[in-house]
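The structure appears below as structure tokens.
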Amino acid sequence: MTDHVDALLGADGPFAREVPGFVPRDVQQAMAVAVASAIDERHALIAEAGTGTGKTFAYLVPALLSGKRVIVSTGTKALQDQLFHRDLPRVRSVLGARL
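Each number in the working numbering corresponds to the 1-based position in the sequence shown with 934 added.
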């Protein structure tokens, strides 16, 4: 999974084509690879990144592609609602046939 997760979030990937306003970010792609690696190798990962770096897509893409159960903890109820009602459906829609 780690060999293509960064391409999905790249300039020529489906997110750039299908999500209005999506901007590919190197740090987002690197975090997605780290998350995918942690899932593949069954090890823990602690990742920190600033506002606007694309953390949500960076963990959702590999988490959904893995087909495994994951736990996501958000800092506020508003972020939980945003994740569940906006970000998760958007990522699932873009990944479509890959799920």
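For glycine and all other residues, C-beta sits at the position ideal for the given N, C-alpha and C.
Taking the alpha carbon of residue i as the point to measure from, which residue in the options has its own alpha carbon closest?
i	options	result
G986	K1011, P958, A1012	P958
K1002	D974, L1022, L1029	D974
A972	G1009, V939, R951	V939
Quick check on residue i: does DSSP put it in helix, strand or coil?
i	result
S1007	coil
L979	coil
D946	coil
K1002	coil
V953	coil
P958	coil
Less than 8 Å between C-beta atoms, sequence neighbours within five positions excluded: which residues of the same chain meet that for residue i?
i	result
L1035	Residue 1035 cannot be examined here, being either before or after the span of the chain that is shown, 935 to 1033.
P1023	none
F956	F949, A950
A978	A972
What do you get for residue i, buried or exposed, if any count of 16 or more other CB atoms within 10 angstroms of its CB means buried?
i	result
F1018	exposed
A945	exposed
A992	buried
A1012	exposed
Report all residues from its chain with a CB closer than 7 Å to the CB of residue i; omit the five preceding and five following residues, and keep chain order.
i	result
T990	L1017, D1021
Just to confirm my understanding: we take residue i, look at its own chain, exclude 5 residues before and 5 after, and list those with CB closer than 6 Å. What are they?
i	result
V1006	none
P952	According to the sequence shown, residue 952 is Glu rather than Pro. Hits under 6 Å: V1028.
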